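Input: a single structure, listed below in structure tokens.
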Amino acid sequence: MFHLAMLSSAAPGSGAVSLQLTPVDYLILGSYFAFVIGIGWTIRRYMKTSSDFFESGRSLPAWICALGFIGANLGAQEVMGMAASGAKYGIATSHFYWVGAIPAMVFVGIFMMPFYYGSKARSVPEYLKLRFDEKTRTFNALSFAVMTVFSSGISMFALAKLLNAILGWNFDGCIAVSGLVVLVYIYTGGLTSAIYNEVLQFFLIVLGFLPLVILGLQDIGGWDGLMHNLDAYSDTKDMPGAWSSSWSHLGSAAANPIGIEWFGLVAGLGFVLSFGYWCTDFLVIQRAMAAKDMNAARRTPLIAAIPKMLFPALVILPGMLAIALYHKGGTAGLALPIGADGNPDYNMVVPAMLSKYFPSGMLGIGLTALMASFMSGMAGNVTAFNTVWTYDLYQRWFKKDATDAHLIKVGRVTTVVGLLISAVCAYAATKFNNIMDMLQLVFGFVNAPLFAIFLLGMFWRRATGHGAFFGLLIGTLTAAVFQGNTLPVGETASLLKGGWMSVQQTFASSMAQSFWMAIFAFTGCFLGTFVISLGTKPNRTTDELRGLVYSLTEKTRDAPGTPWYARPTLLGGLVLSATLVLNIVFW
Amino acid sequence: MQLDIRLPMGVLFLLLGVILIIYGFVSDPVIYVTHSLGQNVNLIWGSIFGAFGALMLWLARRAARKP
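Protein sequence lines, in the order shown, are assigned to chains L and P.
Residues in the first sequence are numbered consecutively from 5, following the working numbering.
Residues in the second sequence are numbered consecutively from -12, following the working numbering.
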């Protein structure tokens, strides 16, 4: 997943940025921790059934689910990684939002949520069981469970390494404290606690980073000053204007800093990777499935799309400001540490901006917002992990007749174990960085084709269990073979970078390689599932497929008198129109 | 409905707002010249945090009154 790739790059290198905290900053940080834990403690008494613990009792209003939906995604990769990309690629980073997120969020809300929510499945793998078969579910559940604890571990590692680098805090202490805080609030309050904290973190991150953007813009001379300095920076990179436009340099891969052409971007990021993440990843889908009714579940990703659409101003703009200020230099400039490759250490953009613009007080807020983003990323992964482990693996393979009270107990133990494994991953990352990158690559192989079986499963009733399972394997294999035969320019062939079979094709950047790998994996899986399904007997009857497949499911209609903002189709149309306008404005 | 999230959220943001406002009054003005372009960001953003917290509390209170 492209989000995972970003997460790894968010781990900072050794930087010269250093923040000095005063007692007021510690007071702010302490207040936040106390509230986060307090929320879990307060709602622990509502955790009576396993549905309360794992699904929030399907009782939450749309706006809370929507902010949880977006908050779970607002992890470290978003705040640190997107600011880094904003500095590295300029406005074109907005493609990760306006192409790589919004269309998929609208699609899942309007077309897919009726199946997830309406089927009464408790998780995404369970939907696969209902629609296809047990082996497809288990394959998805296993790969997802491993990926979530691993992602949580990487978040933990990145947080500890960052705090160690900029504040000099003890690495082990950071791992222990961040793990314990997340543990306490999920252990006590389950998914509701995680979602409530994600809502809190959402507002904290928005209000905490907004002043940074405003001060940066004032300093550089407003939007015109920013554009002027970015254009001057683009000139030094022999790509005039590339940092200040989103589409006009996508004619060829050599003309923009991302190193991708428009088709690879739209098909790879905008379709395969984006739809694969937003429409099938249980981490985000779980938030929508906690909604109180079908309408609220469908509106969850649509409401979430509104802040998501505007996030480039909050997370990409600081990166653009940082590189513009860095280029400007002098007393008004920004000091960024230089990485091993001679370029600025983009991962230190946010800490450098915090250090420059935030005095004591606001610095505590900024740091709290940063830590909130790491912890919301961890908590999102841990809640998705404990649900999938308990429902899709433990209850299915170890204790089919488990009582409800037993499932809650298993969920709580799984939370502890999940965080312990995350901590092990975090320590492994300090010693074997290549193994972590390797694991991410393997997850990329498994995830890239995933959307194909959901698309066929939901919209083609003839798709079979064997077709889905073997189609998924074919897609994964296609990804591995593609990677083994391609290489980004300037890299030497290796298991990690690609080309380990032979080099048939080179790409301008590793991002272009991964986008095209996703396109091939999706196509392999789609064709494999299609052909194998036609060659195998349907394993579900028409009755069994009702509520799971588009053609056999009664269309959900808005009740008469429903206001415009509660109509999913209209809301989706408005969100897409606004996104189109943003693309045109920043063309 | 379980706990109304706007309640703890309102209290936290109000608390953070008050901390920032107090610090904005008592802190050495030099820190604003060296960092935030001469603006007392603690006072400004403390007010915004406090107002947001108060709004959340008001919304929670209004919702609790509804039958």
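No residue lacks a Cβ here, since even glycine has one placed at the ideal position from N, Cα and C.
Source: prediction; values computed, not measured.
Tell me which residue opens and which closes the alpha helix (DSSP H) that residue i is part of.
i	result
Leu78 of chain L	Note, Leu78 of chain L: premise wrong, no alpha helix (DSSP H); not H, not E.
Ile588 of chain L	572 to 589
Ser197 of chain L	175 to 224
His22 of chain P	Looking at the DSSP string, His22 of chain P is not in any alpha helix (DSSP H), and its letter there is neither H nor E.
Ser155 of chain L	138 to 171
Ile6 of chain P	-7 to 13
Arg416 of chain L	408 to 435
Lys92 of chain L	86 to 93
Pro118 of chain L	117 to 122
Ser54 of chain L	54 to 59
Thr560 of chain L	No alpha helix (DSSP H) contains Thr560 of chain L, which DSSP labels as neither H nor E.
Ser359 of chain L	353 to 361
Asp29 of chain L	27 to 46
Lys133 of chain L	128 to 135
Ala456 of chain L	454 to 463
Met51 of chain L	That residue, Met51 of chain L, is in no alpha helix (DSSP H); it is neither H nor E in DSSP.
Pro2 of chain L	The question about residue 2 of chain L has no answer here: the residues shown for chain L are numbered 5 through 591.
Trp102 of chain L	99 to 102
Taking the beta strand (DSSP E) that residue i falls in, what are its first and last residues?
i	result
Thr372 of chain L	Run containing Thr372 of chain L: none in the beta strand (DSSP E); it sits in the alpha helix (DSSP H), 366 to 391.
Do residue j and residue i have their beta-carbon atoms positioned less than 8 angstroms apart in this structure?
i	j	result
Gly448 of chain L	Ala472 of chain L	no
Ile588 of chain L	Ser377 of chain L	no
Ser127 of chain L	Val392 of chain L	yes
Gly113 of chain L	Leu306 of chain L	yes
Val21 of chain L	Ile170 of chain L	yes
Phe36 of chain P	Gly11 of chain P	no
Ala339 of chain L	Ala356 of chain L	yes
Val354 of chain L	Val83 of chain L	yes
Leu325 of chain L	Gly220 of chain L	yes
Ala525 of chain L	Gly479 of chain L	yes
Gly33 of chain P	Leu7 of chain P	yes
Ala388 of chain L	Met109 of chain L	no
Arg303 of chain L	Leu575 of chain L	yes
Gly193 of chain L	Gly44 of chain L	yes
Val13 of chain P	Pro363 of chain L	no
Ala328 of chain L	Leu230 of chain L	yes
Ala66 of chain L	Ala294 of chain L	no
Ala582 of chain L	Ile320 of chain L	no
Leu46 of chain P	Arg(-7) of chain P	yes
Thr533 of chain L	Thr510 of chain L	no
Determine the closest residue to residue i out of the options, with distance taken between C-alpha atoms.
i	options	result
Gln487 of chain L	L:Gly479, L:Lys501, L:Leu477	L:Lys501
Phe161 of chain L	L:Pro244, L:Met379, L:Gly469	L:Met379
Ile74 of chain L	L:Ala433, L:Gly381, L:Phe526, L:Asp405	L:Gly381
Ala456 of chain L	L:Leu371, L:Met243, L:Leu574, L:Leu277	L:Leu277
Met366 of chain L	P:Leu44, P:Ala38, P:Gln26, P:Leu42	P:Gln26
Phe143 of chain L	L:Leu321, L:Ile68, L:Phe207, L:Gly475	L:Gly475
Ala164 of chain L	L:Ala80, L:Leu146, L:Ala149, L:Ser98	L:Ala80
Leu584 of chain L	L:Asp562, L:Ile310, L:Leu454, L:Val428	L:Ile310
Leu318 of chain L	L:Ser156, L:Phe206, L:Arg291	L:Phe206
Ser513 of chain L	L:Gly61, L:Glu495, L:Ala563	L:Glu495
Tyr131 of chain L	L:Ala66, L:Gly469, L:Met442, L:Arg561	L:Gly469
Leu211 of chain L	P:Asp(-9), P:Ile(-8), P:Met(-4), P:Gln(-11)	P:Met(-4)
Val627 of chain L	L:Thr26, L:Asn351, L:Pro118, L:Ala76	Nothing can be reported for residue 627 of chain L, as the shown portion of chain L is limited to 5 through 591.
Ser60 of chain L	L:Gly72, L:Val450, L:Thr196	L:Thr196
Asp4 of chain L	L:Lys124, L:Leu586, L:Val217, L:Trp504	Because chain L is modelled from 5 through 591, residue 4 of chain L falls outside the range shown and cannot be assessed.
Ile190 of chain L	L:Arg561, L:Asn451, L:Tyr350, L:Gly415	L:Gly415
Val20 of chain P	L:Val450, L:Asp223, L:Cys69	L:Asp223
Tyr361 of chain L	P:Leu(-10), P:Gln(-11), P:Leu24	P:Leu24
Contiguous alpha helix (DSSP H) assignments of at least 4 residues, all confined to the stretch 475 to 545 of chain L: 514 to 539
Contiguous alpha helix (DSSP H) assignments of at least 4 residues, all confined to the stretch 253 to 330 of chain L: 278 to 284, 286 to 293, 298 to 314
The stretch 39 to 48 of chain L in contact with the stretch 193 to 213 of chain L per 3-pair CB rule at 8 angstroms: yes
The stretch 132 to 150 of chain L touching the stretch 454 to 468 of chain L, judged by at least three CB pairs closer than 8 angstroms: Because the criterion of three Cβ pairs below 8 angstroms is met, the stretch 132 to 150 of chain L and the stretch 454 to 468 of chain L touch.
Cβ contact check for the stretch 539 to 557 of chain L and the stretch 83 to 92 of chain L: 3 or more pairs under 8 angstroms: no
Cβ contact (3+ pairs, closer than 8 angstroms) linking the stretch 282 to 298 of chain L and the stretch 47 to 56 of chain L: no
Three CB pairs or more closer than 8 angstroms across the stretch 139 to 158 of chain L and the stretch 415 to 430 of chain L: Touching, per the Cβ criterion.
Cβ contact (3+ pairs, closer than 8 angstroms) linking the stretch 96 to 104 of chain L and the stretch 269 to 276 of chain L: In this structure the stretch 96 to 104 of chain L lies against the stretch 269 to 276 of chain L, because at least three pairs of beta carbons, one per stretch, are closer than 8 angstroms.
The stretch 258 to 265 of chain L contacting the stretch 229 to 247 of chain L, beta-carbon criterion three pairs below 8 angstroms: yes
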